[in-house]
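Q: Dumping the structure here so I can ask a few things about it.
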Amino acid sequence: MDTALSQRLDTLWRMESPALIARLARMLRGDVGRAEELAQDTWLAALERWPVHGIPDNPGAWLMTTARNRAIDVLRQHQRVAGQHALHGSALEPLPLPAPDDSAVLEDDIGDDLLRLMFVACHPVLAADARVALTLRLLGGLTTEEIARAFLAPEPTIAQRIVRAKRTLAQKNVPFDVPRQAALPERLASVLEVVYLIFNEGYAASAGDDWMRPALCDEALRLGRVLAHRLPAWPQVQGLLALMELQASRLAARTEAGGAPILLPDQDRARWDWLQIARGQAALQQAVALGGGDDPYVLQAAIAECHARARRSEDTDWTRMATLYARLAERQPSPVVELNRAVAVSRAQGAAAAWPLVEQLGADARLRDYAPLAAVQGDLLAQLGRPEQARAAFERAAALTANGREKALLLARAAAV
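This note's numbering applies: residue 253 is where the sequence shown begins, and numbers increase by one.
Next up, the structure:
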């Protein structure tokens with residue numbers, strides 16, 4: 253198979269597999285594991301046929317029809333087992349799947365299926381790392397190897413995580429549906445958390461030699477856009493989408509050609525994606541109009557928008573940003589939020605005004621090994637004319653980070669004090 257065809261097929265699989273698995277999972281009454289197996293079987297059939305006979309004009313429809321027929325065969329087989337089971341008792345295995353209520357139920361909207369699959373993959377019954385891995389596998393179309401590479405984890409670890417997640421969903425009989433109105437906010441919070449975890453790992457890689465992993469940002473943005481399309485009246489959904497759009501707009505300006513990080517004040521803002529900024533601003537306005545002005549995602553998006561408004565670094569409204577961080581700290585108390593507020597205060601009022609806030613955070617055990625705290629301490633100490641302490645703080649920050657690019661940046665800052 254030539255390279256161009258291979259790349260096209262890989263792209264098709266990544267685009268079509270989430271809808272395929274979602275449709276199959278509903279047909280099979282929420283059996284996500286079996287749905288993924290059938291989707292893989294369908295894809296293997298396509299890989300055998302298409303290089304010989306050509307890719308169909310509508311490959312998505314071909315895949316869906318083939319997968320649907322295979323699922324119907326599975327259901328019919330289990331119906332036959334059910335009949336035999338009724339005649340001969342429990343000695344027969346496996347126990348049958350329920351048959352579909354009628355053929356009409358198989359024709360539901362694909363978007364709804366994707367939403368259902370998202371709520372299943374992000375179910376709170378799973379640990380956070382399992383939710384992330386399963387979401388990327390089922391909804392991102394990423395291979396186990398790609399997920400392992402993105403999170404710098406051994407491939408067998410990720411594979412076991414995904415297998416256990418699917419087993420847990422089956423054992424807990426997690427329904428393949430969108431929760432009813434009363435339960436939706438709690439479950440939606442889990443979905444949004446997973447999407448933002450994926451985005452953050454792409455935006456600022458926690459470990460490894462790359463400053464960013466843009467492919468993860470792209471996956472999170474795609475999931476956020478699906479959510480916003482399917483749940484347009486939820487301000488927190490619009491707020492998260494706005495936040496990701498605004499932050500992602502800076503991706504092209506965050507690194508040099510060789511991959512070295514460029515800090516926000518030093519970025520060439522002409523390289524920011526101003527169309528993406530406009531999309532983020534529109535989503536933010538919609539979130540506020542829906543009454544979500546104090547939602548944490550909306551507040552974070554408003555903070556990101558303060559940067560987006562400023563065509564030059566010196567034009568940034570740090571006073572407004574400090575106020576927004578204070579509101580965010582009230583809605584979502586966190587020492588990390590307080591640290592960011594202290595940075596905004598330092599830019600608005602000077603290092604002397606911010607140092608007491610940072611000094612107080614230094615006593616918080618939750619930030620004892622938090623590299624950004626040490627980096628902020630180094631920055632403020634340098635501004636306060638305490639170079640030896642600043643150098644030590646930057647060196648400590650470098651020792652605490654697992655990201656190679658960030659480590660090099662912090663050591664460079666230590667040397668430059």
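Backbone N, C-alpha and C fix where the C-beta goes; we use that ideal spot for every residue, glycine too. Quick caveat, the model's predicted, so the values are computed rather than measured.
Under three-state DSSP, which class holds GLY614?
A: Mapped onto the sequence shown, residue 614 falls at position 362. GLY614 falls in the coil class under three-state DSSP.
Q: Are LEU290 and ARG322 close, meaning C-beta to C-beta below 8 Å?
A: Residue 290 sits at position 38 when you count from the first residue of the sequence shown. Residue 322 sits at position 70 when you count from the first residue of the sequence shown. Yes, Cβ-Cβ distance for LEU290 and ARG322 is below 8 Å.
Q: Let me know the beta strand (DSSP E) ranges lying completely inside the stretch 429-512, each 3 residues or longer, listed in chain order.
A: Taking only runs of at least 3 residues, no beta strand (DSSP E) segment lies wholly in the stretch 429-512.
Q: Specify the secondary structure class of ALA417 as computed by DSSP and reduced to three states.
A: Position 165 of the sequence shown, counted from the first residue, corresponds to residue 417. Note: ALA417 maps to helix in three-state DSSP.
Q: So, does the stretch 458-466 touch the stretch 505-518, judging by three or more C-beta pairs under 8 Å?
A: Verdict: yes, contact present.
Q: By how many angstroms is the C-alpha of ALA605 removed from the C-alpha of GLN423?
A: Position 171 of the sequence shown, counted from the first residue, corresponds to residue 423. Position 353 of the sequence shown, counted from the first residue, corresponds to residue 605. Rounded to whole angstroms, GLN423 to ALA605 spans 55 Å at the Cα level.
Q: Could you tell me the alpha carbon to alpha carbon distance between VAL430 and ALA644, rounded to whole angstroms?
A: Reading the sequence shown from its first residue, position 178 is the one you call residue 430. Reading the sequence shown from its first residue, position 392 is the one you call residue 644. If I take the Cα positions, the gap works out to 51 Å.
Q: For the structure I just gave you, are there three or more beta carbon pairs, one from the stretch 545-552 and one from the stretch 515-528, closer than 8 Å?
A: Verdict: no, contact absent.
Q: Give the range of the alpha helix (DSSP H) segment to which LEU390 is assigned.
A: Within the sequence shown, numbered from 1, the residue matching residue 390 stands at position 138. 380-390 is the span of the alpha helix (DSSP H), which, as asked, contains LEU390.
Q: Just to confirm the assignment, what range does the alpha helix (DSSP H) spanning SER258 have?
A: By one-based count along the sequence shown, residue 258 stands at place 6. Looking at the DSSP string, the run of the alpha helix (DSSP H) that includes SER258 is 255-279.
Q: Note the first and the last residue of the continuous alpha helix (DSSP H) segment covering PRO548.
A: To locate residue 548, count along the sequence shown from 1; it is residue 296. First-last of the alpha helix (DSSP H) with PRO548: 548-561.
Q: Can you name, in chain order, every residue of its own chain whose Cβ lies under 7 Å from the Cβ of PRO427, other than the five neighbours on each side?
A: As a first step, residue 427 must be located in the sequence shown, where it is residue number 175. Result list for PRO427: GLY282, in chain order.
Q: Using 10 angstroms around the beta-carbon of GLY602, count the other beta-carbons present and answer buried if the total reaches 16, otherwise exposed.
A: Mapped onto the sequence shown, residue 602 falls at position 350. When all chains shown are included, GLY602 counts as exposed.
Q: Where does TRP265 land, buried or exposed, given buried means 16+ other C-beta within 10 angstroms?
A: On the sequence shown, position 13 is the one that residue 265 refers to. Looking at its Cβ environment, which holds 16 or more other Cβ atoms inside 10 Å, TRP265 is buried.
Q: Shortest alpha-carbon distance to LEU613 belongs to which of ALA560, GLN629, SER269, ALA600?
A: Translated into the one-based positions of the sequence shown, residue 613 becomes position 361. It is GLN629 whose Cα lies nearest to the Cα of LEU613.
Q: Can you tell me where the alpha helix (DSSP H) with HIS305 in it begins and where it stops?
A: To locate residue 305, count along the sequence shown from 1; it is residue 53. Where HIS305 is concerned, the enclosing alpha helix (DSSP H) stretches over 284-305.
Q: Suppose you measure from the CA of CYS469 to the CA of ALA504; what does that come to, to the nearest Å?
A: Locating residue 469 in the sequence shown gives position 217, counting from the first residue. Locating residue 504 in the sequence shown gives position 252, counting from the first residue. Looking at the two C-alpha atoms, the distance is approximately 12 Å.
Q: Hey, out of ALA434, TRP486, ARG275, whose CA is closest to LEU391's CA?
A: By 1-based counting over the sequence shown, the position of residue 391 is 139. Nearest option by C-alpha distance: ARG275.
Q: Starting from GLU582, trace the alpha helix (DSSP H) both ways and give me its first and last residue.
A: As a first step, residue 582 must be located in the sequence shown, where it is residue number 330. 570-583 is the extent of the alpha helix (DSSP H) around GLU582.
Q: For GLY544, which option in ARG368, PRO437, GLY637, GLY491 has the closest C-alpha, if you only look at C-alpha atoms?
A: Residue numbering aside, residue 544 sits at position 292 when the sequence shown is read from its first letter. GLY544 has its Cα closest to that of GLY491, out of ARG368, PRO437, GLY637, GLY491.
Q: With a Cβ-Cβ cutoff of 8 Å, do PHE371 and ARG413 count as a contact?
A: Within the sequence shown, numbered from 1, the residue matching residue 371 stands at position 119. Within the sequence shown, numbered from 1, the residue matching residue 413 stands at position 161. Cβ atoms of PHE371 and ARG413: not closer than 8 Å.
Q: With DSSP as the reference, please indicate the residues paired to ASN655 in a beta bridge.
A: Taking the first residue of the sequence shown as position 1, residue 655 is located at position 403. Per DSSP, GLY460.
Q: Does DSSP put SER621 in a helix, a strand or coil?
A: If you number the sequence shown from 1, residue 621 lands on position 369. Checking the sequence, you will find Asp at residue 621 rather than Ser. Correct three-state label for ASP621: coil.
Q: Does the Cβ-Cβ distance between GLU453 and LEU498 come in under 8 Å?
A: In the sequence shown, the residue the question calls residue 453 occupies position 201. In the sequence shown, the residue the question calls residue 498 occupies position 246. Against a cut-off of 8 Å, the Cβ pair of LEU498 and GLU453 comes out as no contact.
Q: Within 10 Å of its beta-carbon, does HIS559 have 16 or more other beta-carbons around it, so buried, or fewer, so exposed?
A: Stepping through the sequence shown from its first residue, residue 559 is reached at position 307. Counting Cβ neighbours within 10 Å, HIS559 comes out buried, since at least 16 surround it.
Q: By the 10 Å Cβ neighbour count, where 16 or more other Cβ atoms means buried, how is SER501 classified, buried or exposed?
A: Start at 1 with the first residue of the sequence shown, and residue 501 comes out as number 249. SER501 should be labelled buried.
Q: Helix, strand or coil: which one does DSSP assign to GLN519?
A: Position 267 of the sequence shown holds residue 519. GLN519 falls in the coil class under three-state DSSP.
Q: Inspect the CB distances between the stretch 311-326 and the stretch 255-269 and report whether three or more fall short of 8 Å.
A: Touching, per the Cβ criterion.
Q: Under 8 Å between the Cβ atoms of ARG368 and ARG278?
A: Within the sequence shown, numbered from 1, the residue matching residue 368 stands at position 116. Within the sequence shown, numbered from 1, the residue matching residue 278 stands at position 26. Yes, the pair counts as a contact, with Cβ atoms nearer than the cut-off.
Q: Please tell me whether ALA600 and ALA626 are closer than 8 Å, where the distance is taken between their beta carbons.
A: As a first step, residue 600 is located in the sequence shown; it is residue number 348 there, counting from the start. As a first step, residue 626 is located in the sequence shown; it is residue number 374 there, counting from the start. Contact: no.
Q: Using 8 Å for Cβ pairs, my map puts LEU394 next to LEU386. What's the rounded Cβ distance?
A: Here the question's residue 394 lines up with position 142 in the sequence shown. Here the question's residue 386 lines up with position 134 in the sequence shown. Wrong, their Cβ atoms sit about 11 Å apart, outside the cutoff.
Q: Within the continuous alpha helix (DSSP H) that includes ILE399, where are the two ends?
A: Working through the sequence shown from its first residue, we reach residue 399 at position 147. Looking at the DSSP string, the run of the alpha helix (DSSP H) that includes ILE399 is 396-402.
Q: When DSSP labels each residue in this structure, what does ASN321 get in the three-state scheme?
A: To locate residue 321, count along the sequence shown from 1; it is residue 69. ASN321 falls in the helix class under three-state DSSP.
Q: With H, G and I counted as helix, E and B as strand and the rest as coil, what does DSSP make of VAL326?
A: By 1-based counting over the sequence shown, the position of residue 326 is 74. Here VAL326 sits in helix by DSSP.
Q: Could you check the C-alpha separation between SER494 and GLU647 for me, to the nearest Å?
A: As a working mapping, residue 494 is identified with position 242 in the sequence shown. As a working mapping, residue 647 is identified with position 395 in the sequence shown. Residue identity check: residue 494 is Ala in the sequence provided, not Ser. Cα-Cα distance, rounded: 35 Å.
Q: How would you label TRP295, buried or exposed, when you count the other beta carbons within 10 angstroms and need 16 or more for buried?
A: As a working note, residue 295 is residue 43 in the sequence shown. It is buried - the Cβ of TRP295 has at least 16 other Cβ atoms within 10 Å.
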